[in-house]
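Protein chains: 4
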Amino acid sequence: MNYTKILEEIKEEVAPLIGKGKVANYIPALASVPNNKYGIAITTINGNCYTVGDAEEEFSIQSISKVFTFAMAFKSIGEKLWQRVGKEPSGNPFNSLVQLEKENGIPRNPFINAGALVVTDSLIHNNFNPKKSILDFIRKLSGNQQINYNTEIARSENEYGHRNYALAHFMKSYNNIYSEPDELLDVYFHQCSLSMSCVDLSKAVLFLANHGVVPNTDEIILTTSQAKRTNSLMMTCGMYDASGDFAFRVGIPGKSGVGGGIIAVIPGELGICVWSPELDEFGNSLTGVKTLELFTTKTGVSIF
Amino acid sequence: MNYTKILEEIKEEVAPLIGKGKVANYIPALASVPNNKYGIAITTINGNCYTVGDAEEEFSIQSISKVFTFAMAFKSIGEKLWQRVGKEPSGNPFNSLVQLEKENGIPRNPFINAGALVVTDSLIHNNFNPKKSILDFIRKLSGNQQINYNTEIARSENEYGHRNYALAHFMKSYNNIYSEPDELLDVYFHQCSLSMSCVDLSKAVLFLANHGVVPNTDEIILTTSQAKRTNSLMMTCGMYDASGDFAFRVGIPGKSGVGGGIIAVIPGELGICVWSPELDEFGNSLTGVKTLELFTTKTGVSIF
Amino acid sequence: MNYTKILEEIKEEVAPLIGKGKVANYIPALASVPNNKYGIAITTINGNCYTVGDAEEEFSIQSISKVFTFAMAFKSIGEKLWQRVGKEPSGNPFNSLVQLEKENGIPRNPFINAGALVVTDSLIHNNFNPKKSILDFIRKLSGNQQINYNTEIARSENEYGHRNYALAHFMKSYNNIYSEPDELLDVYFHQCSLSMSCVDLSKAVLFLANHGVVPNTDEIILTTSQAKRTNSLMMTCGMYDASGDFAFRVGIPGKSGVGGGIIAVIPGELGICVWSPELDEFGNSLTGVKTLELFTTKTGVSIF
Amino acid sequence: MNYTKILEEIKEEVAPLIGKGKVANYIPALASVPNNKYGIAITTINGNCYTVGDAEEEFSIQSISKVFTFAMAFKSIGEKLWQRVGKEPSGNPFNSLVQLEKENGIPRNPFINAGALVVTDSLIHNNFNPKKSILDFIRKLSGNQQINYNTEIARSENEYGHRNYALAHFMKSYNNIYSEPDELLDVYFHQCSLSMSCVDLSKAVLFLANHGVVPNTDEIILTTSQAKRTNSLMMTCGMYDASGDFAFRVGIPGKSGVGGGIIAVIPGELGICVWSPELDEFGNSLTGVKTLELFTTKTGVSIF
């Protein structure tokens, strides 16, 4: 199937949405991204790549990074990870402290901030050089050695990241963070600052559409069962407090970031990434969600 | 594929779990069900049926009924239904009032009690005789004209159902219930009291594995898109506060009831129902969940 | 001390506030009360009475009734009452269900709706004819045999009182309500519907300023210790979610109702009642609170 | 009145309670305090001092310090303080984050940890050398120049104080903390570490029993109105989540600390401090609360 025409159609249809969301503005480096950027990239398991718009332009992946650090931790720690983080949708905004307090410092799932902090903490705890490891992992998945951290964004996040510091200290008070909050946040803000393009991300997520195996290198990242379970988690928890609506409208596993990117997979077929910086009220790319809804509707692909 | 051997294997493997859960005891009629009952039934789209154990014995379907009343309401009201009920996992126990209060009387989704009350209220609002309509619908889906309400259970539920009365009055205070609470609860407790077997339920859910169409009669219950969306909802919200864990371990859409039944579908292939009365801490059948986990693992079926 | 001049002064000073609050409008009978009604009555322990404005006009006492039913229950049941209701400020709006759920159906204190329902339930449980008993008690305290229920208001409350029904059913699900919700709510809506004037109420509350003894009859309603404790409860819990602000600004024990009345006592000296129908955001009389603040400031009376 | 005999009586009566509470153990320096320490000191406005037991032994005042830093801030900032902190009982444990999140980073009152951090932050913001100022203020109030910080305890608090760091960062994310969390916590942990005896504290609190004026020096710390309001705040919010129960049983304004101390005042008469290290479930001195209950009962003093 040649997806180019469908992607062009979708681009045209969603154009009127540009201007109806709000670019993340909690740090200057994100606030300055032009609101009308828009790109889609699809990479299929058999290696074809289809793009439209600004698909090769780098943007800040932010919370999309949670999928990759989770995969690293799940691979190395396995089921023991669940002693420190849950698997349930949170039913609350992504950086909520309420649930964390009720549940004794165990975050609901690895895709909310608190859970991602625990995941990154586990990488630090098991790893000599987490910043290097994360970068190596991402470069390998996407086959792009030029990918790098945006240190200006990482520094900005650190300056305005008091809520994440609060989460880290709070979980540490429950002994669910092992490293020092300062060190943890340094790694975490770096992973969020990764600059990648839609093309990079559509490749990087492809192993989740392929039973855990990177298609062109045959490297096994996760077992079949682990890959399926990671997709289940994205399906139920990947879009913050709008995960149910995304599952309802789009019907495939996905993960968003406040930089305006969304990655998603159609199991057995392809990885997809869409980027549009304006966010909806839940912190997901407004046009990005619509793009993926149109994509599954037009192609008729569905897991159900 | 002949599923009989796999079902026999599973039955043997889960046997040690019997005795580790707790039969629902909030009404006498449920408390008196023997804890060691166990049945599975599979009905495939092409009409084959495979069973093991007590698959033909009737039990109280309880919250499984929410799927059927939801399908009736979704069919007749369509997207307008979402003005009165959400699509998000609740992140709270199934009869919680907390979220309802924070969110002005709009329940999180149609598969928690509050949401199911809104769904049933919409049936009453649009329908001359809701108790008859629900029964007709269920009989048609399962092809069994003998299915009936268990009025003793309905009466018992009414007597001990103060929390459901509280939910109804509470939502009515937000104008999100139109009928009188007494009338609404009467219909609701009847739908929960439906007595059906695993075989009945594996047939009744089959339209959701077949794009909304009942296979042997070709009757269209829901559109393809509506059926897909109903499955998404079951995937994210069907197992109360353990929906994420169920998605993670089992990986298919399902819905449980405190009578110990669970229905699930493998899209494009089959409907399945398992029954084992003992519940886990989340109110889902302990052995039932394990049964479905083993089923997807052994058959390798997966939507991801 | 002749309070007439101070009351006249206060009346003048608060006049500009009329129009800045909002008359309760959840039932027609309350909504139709003119917003500019204003009265104060003071009755001293030695029997003097000072009034200004509409101090002899009857209004709906609403939640002020909670003080009187509490006194009846405290007198007859004593400390056992605390097995069913707490003594802590709720920190939440007066008809919140959230806390009730977290705390297993035990309301925070007797002056929020849930707690008052438990109090009234205990009167029903211990009493042959609660509606008659409550009326007799109020008439005796105020020395006015003409006081009566406003049955139109009671009927209205019943029609719009779904949240109170929700509270009753919810607590009954925790076995903390003994009577049938319909019966309980009938008594409760009647006690709220009592029509009394500022003069009546300033007399009725006087026993709490006099160590539990009605001054002119020497009848002991509560022991010294019980009266002191009731005042403590009013001080910490009497003004819904603005109890701390009231204690801070006014500094004496008081209890408000959505009819716009507030009663308060200066221990050892007097009972006071102010009435002004417009409410602030917390459901307390806007001008009433200011009136009492000016009263304690101008007279210099203080318990601290 | 000579209080010595009453204090001796009380000491005897409460003796059986020793062993029924739990010494704070979250830092080693507190955990090592002998559980059977017990002292009371009363200082009257006219300068008499009555003691019993370990009334001259220093202990860690902990949250009692919140009253003194509040008085400093209230004096220098006045009513503007209320833009950053509320006056309502919290209805939640003393270090809860839940309410803070619901209420946009504005703590409920100055006597819970979050509120005390805002108060201390305001001192830092307005003051050249907060640690010195606080120490000077305390020494002046108690007339004891030997009072000092316990730097070992301050260091310990810092090491185990992740929840307080979480509170500070969390409020900073709402722009309700101006200083750097590290600096703020350093001052805060120092104020909590102050070592004082019952005698010191009964003198230090005396200005609140005397309309804001230190009796023996006539120095005006707060205006009459401010002192009255501070007492109201202690009455409604001074004992964490048991403020209502303390008001009910004891009936006077008080403030506790996890070191086992409680200060209280009888307006117009005296300041009192009791110390007994074992805490009840709410974090208040178990024997201390009982001591004060017996004191108000036996002396018959009451503000109501």
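Protein chains in written order, with my numbering: chain A, 48 to 351; chain B, 48 to 351; chain C, 48 to 351; chain D, 48 to 351.
For each residue, glycine too, the CB sits at the ideal point set by N, CA and C.
Using the C-alpha atoms, what's the distance from residue j back to residue i?
i: A/Glu-148; j: C/Glu-148; result: 17 Å
i: D/Glu-126; j: D/Gly-162; result: 15 Å
i: B/Glu-105; j: B/Gly-66; result: 21 Å
i: D/Asn-72; j: D/Asn-197; result: 17 Å
i: A/Leu-38; j: B/Val-132; result: Residue 38 of chain A cannot be examined here, being either before or after the span of chain A that is shown, 48 to 351.
i: D/His-258; j: D/Ser-203; result: 37 Å
i: D/Gly-306; j: C/Thr-270; result: 35 Å
i: C/Ile-89; j: C/Ser-303; result: 16 Å
i: A/Thr-116; j: B/Gln-109; result: 41 Å
i: D/Glu-199; j: D/Ile-185; result: 19 Å
i: D/Gln-130; j: D/Tyr-221; result: 13 Å
i: A/Lys-345; j: A/His-216; result: 46 Å
i: B/Ala-201; j: B/Asn-173; result: 23 Å
i: D/Arg-276; j: C/Val-145; result: 30 Å
i: D/Asp-101; j: D/Gly-318; result: 17 Å
i: B/Ser-249; j: B/Phe-121; result: 21 Å
Does the Cβ-Cβ distance between residue i and residue j come in under 8 Å?
i: B/Ala-289; j: B/Phe-329; result: yes
i: B/Asn-223; j: B/Ile-171; result: no
i: B/Tyr-212; j: B/Asp-168; result: no
i: A/Glu-316; j: A/Val-348; result: yes
i: C/Leu-253; j: C/Val-261; result: yes
i: A/Phe-342; j: B/Ser-279; result: no
i: C/Cys-320; j: C/Ile-313; result: no
i: B/Asn-323; j: B/Cys-239; result: The displayed chain sequence assigns Ser, not Asn, to residue 323 of chain B. Result no, Cβ atoms of B/Ser-323 and B/Cys-239 do not sit closer than 8 Å.
i: A/Gly-68; j: A/Phe-158; result: no
i: C/Lys-134; j: C/Val-99; result: no
i: A/Leu-54; j: A/Tyr-85; result: no
i: A/Tyr-207; j: A/Ile-74; result: yes
i: C/Ser-242; j: C/Asn-195; result: yes
i: D/Ala-118; j: D/Ile-268; result: yes
For residue i, is the classification buried or exposed, using 16 other Cβ atoms within 10 angstroms of its Cβ as the cut-off for buried?
i: C/Asn-151; result: exposed
i: A/Ala-78; result: exposed
i: A/Thr-338; result: buried
i: C/Thr-91; result: buried
i: D/Lys-179; result: exposed
i: D/Lys-52; result: exposed
i: D/Met-48; result: exposed
i: D/Asp-265; result: exposed
i: B/Gly-94; result: exposed
i: C/Pro-63; result: exposed
i: B/Phe-293; result: buried
i: D/Phe-175; result: exposed
Between the options, which lies nearest to residue i when the distance is taken from Cα to Cα?
i: A/Thr-283; options: B/Thr-271, B/Leu-269, B/Ala-256, B/Ile-299; result: B/Ile-299
i: A/Leu-326; options: A/Ala-215, A/Glu-103, A/Asn-82; result: A/Asn-82
i: D/Arg-210; options: A/Ala-274, A/Lys-219, A/His-209; result: A/Lys-219
Identify whether residue i lies in helix, strand or coil by the three-state DSSP scheme.
i: C/Leu-317; result: strand
i: C/Gly-285; result: coil
i: B/Leu-241; result: strand
i: D/Asn-195; result: strand
i: C/Thr-344; result: helix
i: D/Tyr-73; result: coil
i: C/Glu-150; result: coil
i: A/Ala-88; result: strand
i: A/Gly-308; result: strand
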